[in-house]
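Top line first, the protein sequences correspond to chains G, R, S and A.
Under full-length UniProt numbering, the first residue of the first sequence is numbered 1, with each subsequent residue one higher.
Under full-length UniProt numbering, the first residue of the second sequence is numbered 1, with each subsequent residue one higher.
Under full-length UniProt numbering, the first residue of the third sequence is numbered 1, with each subsequent residue one higher.
Under full-length UniProt numbering, the first residue of the fourth sequence is numbered 1, with each subsequent residue one higher.
Even glycine gets a Cβ: it sits at the ideal position worked out from N, Cα and C.
What you are looking at is a predicted structure, and each value in this text was computed from that prediction instead of being measured.
Protein chains: 4
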Amino acid sequence: VGSDDETSPRDKQQKNSKGNSDFCIKNIKQADFGRREIEIAEQEMPALMALRKRAQGEKPLAGAKVVGCTHITAQTAVLMETLAALGAQCRWAACNIYSTQNEVAAALAEGGFSVFAWKGESEDDFWWCIDRCVNLEGWQPNMILDDGGDLTHWIYKKYPNMFKKIKGIVEESVTGVHRLYQLSKAGKLCVPAMNVNDSVTKQKFDNLYCCRESILDGLKRTTDVMFGGKQVVVCGYGEVGKGCCAALKAMGSIVYVTEIDPICALQACMDGFRLVKLSEVIRQVDIVITCTGNKNVVVRDYLDRMKNGCIVCNMGHSNTEIDVASLRTPELTWERVRSQVDHVIWPDGKRIVLLAEGRLLNLSCSTVPTFVLSITATTQALALIELYNAPEGRYKQDVYLLPKKMDEYVASLHLPTFDAHLTELTDEQAKYLGLNKNGPFKPNYYR
Amino acid sequence: VGSDDETSPRDKQQKNSKGNSDFCIKNIKQADFGRREIEIAEQEMPALMALRKRAQGEKPLAGAKVVGCTHITAQTAVLMETLAALGAQCRWAACNIYSTQNEVAAALAEGGFSVFAWKGESEDDFWWCIDRCVNLEGWQPNMILDDGGDLTHWIYKKYPNMFKKIKGIVEESVTGVHRLYQLSKAGKLCVPAMNVNDSVTKQKFDNLYCCRESILDGLKRTTDVMFGGKQVVVCGYGEVGKGCCAALKAMGSIVYVTEIDPICALQACMDGFRLVKLSEVIRQVDIVITCTGNKNVVVRDYLDRMKNGCIVCNMGHSNTEIDVASLRTPELTWERVRSQVDHVIWPDGKRIVLLAEGRLLNLSCSTVPTFVLSITATTQALALIELYNAPEGRYKQDVYLLPKKMDEYVASLHLPTFDAHLTELTDEQAKYLGLNKNGPFKPNYYR
Amino acid sequence: VGSDDETSPRDKQQKNSKGNSDFCIKNIKQADFGRREIEIAEQEMPALMALRKRAQGEKPLAGAKVVGCTHITAQTAVLMETLAALGAQCRWAACNIYSTQNEVAAALAEGGFSVFAWKGESEDDFWWCIDRCVNLEGWQPNMILDDGGDLTHWIYKKYPNMFKKIKGIVEESVTGVHRLYQLSKAGKLCVPAMNVNDSVTKQKFDNLYCCRESILDGLKRTTDVMFGGKQVVVCGYGEVGKGCCAALKAMGSIVYVTEIDPICALQACMDGFRLVKLSEVIRQVDIVITCTGNKNVVVRDYLDRMKNGCIVCNMGHSNTEIDVASLRTPELTWERVRSQVDHVIWPDGKRIVLLAEGRLLNLSCSTVPTFVLSITATTQALALIELYNAPEGRYKQDVYLLPKKMDEYVASLHLPTFDAHLTELTDEQAKYLGLNKNGPFKPNYYR
Amino acid sequence: VGSDDETSPRDKQQKNSKGNSDFCIKNIKQADFGRREIEIAEQEMPALMALRKRAQGEKPLAGAKVVGCTHITAQTAVLMETLAALGAQCRWAACNIYSTQNEVAAALAEGGFSVFAWKGESEDDFWWCIDRCVNLEGWQPNMILDDGGDLTHWIYKKYPNMFKKIKGIVEESVTGVHRLYQLSKAGKLCVPAMNVNDSVTKQKFDNLYCCRESILDGLKRTTDVMFGGKQVVVCGYGEVGKGCCAALKAMGSIVYVTEIDPICALQACMDGFRLVKLSEVIRQVDIVITCTGNKNVVVRDYLDRMKNGCIVCNMGHSNTEIDVASLRTPELTWERVRSQVDHVIWPDGKRIVLLAEGRLLNLSCSTVPTFVLSITATTQALALIELYNAPEGRYKQDVYLLPKKMDEYVASLHLPTFDAHLTELTDEQAKYLGLNKNGPFKPNYYR
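Next up, the structure:
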């Protein structure tokens, strides 16, 4: 699909069918193919489509100039076109040098969006694209939508004065949010920021519900292992661990749990899992899964004691949980048996099966359902609307969670997918409970 | 067991074997029987026994004068004797006129506790007992342990000056906590108070884990219903509803859920339950269970539409959820078929099976495991210790949750029951996570 | 309810309202109360009621003279009145000296049935009642419905010539079926017999589905134990064991299984249970449940090694599985703490909690849902119809299972209870599968 | 891996390192690579390895000349080398023109086996290879191991006299077994045959346990669908349907079931599934799965009524269940969106997602775990031993199931994989149960 020519997009002259050339992508000719991908994604992102409909009268983002830096995929395109339908102008770059779907970028460019992204950018391309989004004669952004914090960082570094006109930042990633809190602590955050990552809807979907499915998918695709009767140890019983444990128990595995937090440990007990130290079961288990967010949970000593054929993988938040570096020693042989699957072989012939070299199994070896991405995208859109329309002074130069009520709104927009029918409070009931009939219904800490 | 004489305890002269008579109970001769009950309870409350052991050196409650008003049961006795072992003096009344175990009160009196309580007190007896705890020449409490707020209320009303010496209040019940927050809002709370009811450990056990078991138990004991294949609607998908749904699904029932909160609604969907309005399924279901905390969830109109034999019960927080009053009309016949079970019969012969007259099924028709009571009692003990030993100024005149770390401590004391082994952070890991090795491990809002 | 006079029914002269006195029961005046019980049971036995309706035209049991010996309960009454509606004459005795519901017997007598049964018969009464059913001038049975084989045995012993006119025996119990197979092996069975006990519908309901619910019910009612986090060993993984394991796993227990049969053992593994020898886990488990049908599965040596508070109970087929006799030694103290619950106390203070003295937990400590009894009763009725109407020579002097097709018919009569809608084969599909459109659909061995 | 030359193996001259050339495969040089594959498979087939060990003394297949026709994979190689270790001589062809792993065939040829098979045979090649196995001067088979019946058919057709020396046939497939029963009915089966397909261990693993995992795997790999909250209808509640339903329910799907057999229907009800006709739910479901073994279960009329995006797939026994032919009409557009995934598009834009063109999802879109293949291979080996060593007259010219005891032996050989410990009967218990201590333990019909 599309030409495979080697010319850098930066050296090409391309125009869309209306003569517009304010973009830089791989190949504008792929636009039709990309449009079909976007249309398919639209069908699974009904919440954004609903937002478009509701905004036909008023345009809550009229006047908004959004500069964005995210993965450029069909799902992102649905978000961008929704923002446009709500009244916003958008300029966009990619937050990852590999993740751009070129045909989608083409469809967006053809549709009039100023997109600067292609698959396989160099480091230099990456920052060049971001700069092209921001630095335009006669155009200045007033909203930032970021995923990872690179765009925010670039503006801080190069165009700090721009923040005078910026009404707020919406940030999705753990890393980006972490950077914002650091800025805030240091007193350097100069606009309000919305932390989308920690909204309850996103957390439950990204962690509990998504991992419940992706642990099975990731293990099957890589190893074809049969789950029934397997002994598995899951390190960590947070949301991710809870999802993994529930799924494996349901498939007939015998699951052990390790924990450092006594409250989560007690939950594991009540949910029917033996709470052990890793050393107690390391010799007997068939599968080891880390979900702690910690480092060096599975160290060389444990790897040495595992039995032949043991599968080791990571569902936690980065590549630190398994001490993979400790396996790069001369006496061990590595054998790549399949994409994302290595056998590490001990001198006595014992093999362990290491997945994704200890990186995230669910990102490397399974896919994220569009429905989950829809929740995130809808939350991003609502966060932009909230910050853009908030009365002066409601938000300070700090990091905020989306108001509970809007979190509930995101959820409500996704209920039709399940043909789910919400009950409404009567006036009498609302009064009895001391609640507004339209919510919010629960305290902020409700999970 | 014991004499059944009709004389009021207030008119009796009783002494324990050491000659002490500072108590008022049914019959001191039941002490031996009560002691055995306490000993059995001790075996299932290892956390309190562990607290006793750890306090053999230092006495964290030395000098504490605790006045208490709770159910007087074997489990409470274990708590009281633990407080004594930690250094406290205790005076105690009952928080309910029916719930006192007379033989346990006898054992406590024999053991030197000033207990004022018996089963079947009159309203006047009730307040007289409370007063006898508080109002004693030469003795003044400095800590309050309350369950329901009646003791606190009495002191506010009769002995407001007493608060000058009181270091804090520990309150367990929903109602009592509600009263404290009202006092606090009104600026009338004059000592710090600890809200034990909302600690995460208590919440999960009282609601999710306990209800998961008691919904099955309560339904079986009252109706012998077979769960397999039954269609059930559960109103409300909070912790209680989640527990009920999980249990019934596991037993082969087909479960529908109603919700007002879109976030809980989305959770119900993802957990595999059809989210409906009550009116959609009311004609077809075999069992209706309310868990909303709301009022008039099941009104007469729904009751009219239920099919013959439908079972209706309440697992929510009071007796408001089912509009039972609406069934007290002349055309309906009530038939008591068993303790806690009424058939309400329509003119056409249709019967619905109403349990516990709409009051709480789990309190009326099943029992609470000692393990759950142990968690509450341990939390109470630690809350007393915390308030009693807190440095001046740490706690203001406000309502507090138990510090996360002590919540975790309560959990850790209950892990040995499950032969559960907690993992400890290495120094390197603690540093990486930015945590103290001894906790707290999670943010306060963690559930 | 009714008079409590001490006169033996055998010494009373009673008549029903129509002047009939061919019965012997406790008190005919209880008939109204009994009628209401029968009416309530009718509502939960829709399959029998459907049989009555379908038989309004033809009477498949016209001319049948059925002599029966079963528990006399409201459910049996629904069966008997169904047989009568199908054309049969019935004479009935009780198969157990304690199990008769006197008011139901009264309602049956009032309705014209010749019933000879009351609660609390002596051994002599028992056989006298059976004899009165069989031995009547001018009446001779041509069908036998038995539960336990006592009636059959009595006729064999006293009136062997009667078998010349008898068309067949329908037997429900394990014991009775066993006796029939022995007669058959010995060449002494002189009429065809139908083994109702082993029909697939009855087996699955009595064992898998019923035990799944009754294990939880029996344990809760006797001990109020919390299931979450408990370690349980289930001895035997047949249908009963499968039901117990599934229920306890779902409630958050950690379940171990013991088995002698490698096929069931492999099923346990695949279903997610650790397969162990009892000795491996006996020191650590909180609950021991036997479901083997074997003897001396839990012997004194294991009881000695159990930990304090361990609960021991039996869900298997008789009282042999736990060696209770071995606990009747002088150094052990027995303490009855509740109906059906004994503490057995070792010299060092260790207690084990023995339920129902090792007899069947589900019979002693929980109840059987009417729905399950309905399946059995319907199968009995159809077995009578089948034997009574079978063409000469179809059944020899042997023990038979109900034809698959009638087994399927029993099942189909119970589907409306679940508002379940069966799919029908098209002609083309039936031909493709080589099946009759009306069944049978599966081979006989299908479970 | 290996040369890709175009010369037909039949035209090549190849010798193994010992000079042997009695084979015909793609490329002998791939032997080393194939050997590693076999070694990896050995690690997951411990039962066959155990058989080898136990046969080190006696050789139960000494003198056996086995001609085989199966898929030629690493797992088959482990079986063949086990047969050789037990004393047999083997000649082997492939039962499928595409399924041969060329490198494994090379390793077998290098190891001295006479293998005639390569990936991509023509129809003519296929029969030529079979003939080369059978038709050899001075060698005549006395045992047949077949998968599909083609080898058996060839001998019947070309060398009927060969059967005089043949002691028996072992057949694995549904199709092959069906052919044998037809031969038997027609009185043309001239040697005993063992039906491996219907042994309980194979059935449960191939159907219930395997499908429980492969339905999830197949759906995820093809569509990345999220299971939580999805409405699914499963047609058929036999073993395959039971596995699919259990898995999807556990993952949070809402599952409906259709059935024609009232017994399976009642099981579905008790297991917690709404039993419906397909027409009742076809408009609302997100996924349709067929597991009936029937034809035209999902016809065009249903496909017309499905909602946009509905996924349709088949887990039953062939490609007949979905009427795919009815979708090949001009007004519908087919779009291949991924391997094994077609979108069929209606004129109004509605798409349904058809998987594997209605062929078996679990074969087309997921893999079979080695453990399952191990059970089949072990059963085949034992069936050969049984037939080869059976005393004259034990087996007639009929189709047999493997004796229960050997079925149990297969199971027992797989227990060590799970570190499972079987309990042994005491002498006293065996006597009580009337069983041999070594089995068989259950009646033949036990499932």
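Given residue i as reference, the closest of the options once Cα atoms are compared
i	options	result
S:Met-226	S:Asp-286, S:Lys-29, S:Val-174, S:Lys-242	S:Asp-286
S:Asp-125	S:Thr-222, S:Ile-25, S:His-178	S:Ile-25
S:Val-240	S:Val-257, S:Gly-309, S:Ser-184	S:Val-257
S:Val-232	G:Gly-272, G:Ile-352, G:Ala-246	G:Gly-272
Exposed unless 16 or more other CB atoms sit within 10 angstroms - verdict on residue i
i	result
G:Tyr-237	buried
S:Tyr-409	buried
R:Val-337	exposed
A:Glu-121	buried
S:Pro-141	buried
G:Glu-44	buried
S:Ser-3	Model confidence at S:Ser-3 stands at a pLDDT of 49, short of 50, so the residue's coordinates are unreliable; what they give is reported in the following sentence. So S:Ser-3 counts as exposed.
S:Gly-252	buried
S:Arg-36	exposed
Three-state secondary structure (DSSP) of residue i
i	result
S:Trp-118	coil
R:Arg-221	helix
residue 458 of chain R	This structure leaves residue 458 of chain R out entirely; chain R is present only between 1 and 447.
A:Leu-332	coil
A:Glu-280	helix
S:Val-285	coil
A:Ala-247	helix
R:Met-306	coil
S:Ile-215	helix
R:Asn-20	coil
S:Gln-231	strand
S:Gln-397	coil
R:Gln-429	helix
G:Ile-254	strand
A:His-343	strand
Heavy atom of the ligand NAD within 7 Å of residue i beta-carbon
i	result
A:Pro-403	Within the structure as shown, the ligand NAD is missing, as the structure has no ligands at all.
Contact under 8 Å by Cβ, residue i with residue j
i	j	result
A:Ser-214	A:Glu-110	no
A:Val-312	A:Val-298	yes
A:Glu-42	A:Val-78	yes
G:Leu-327	G:Leu-303	yes
Cβ separation of residue i and residue j, assumed to be a contact under 8 Å, to the nearest whole Å
i	j	result
S:Asn-197	S:Val-177	5 Å
A:Cys-269	A:Leu-275	6 Å
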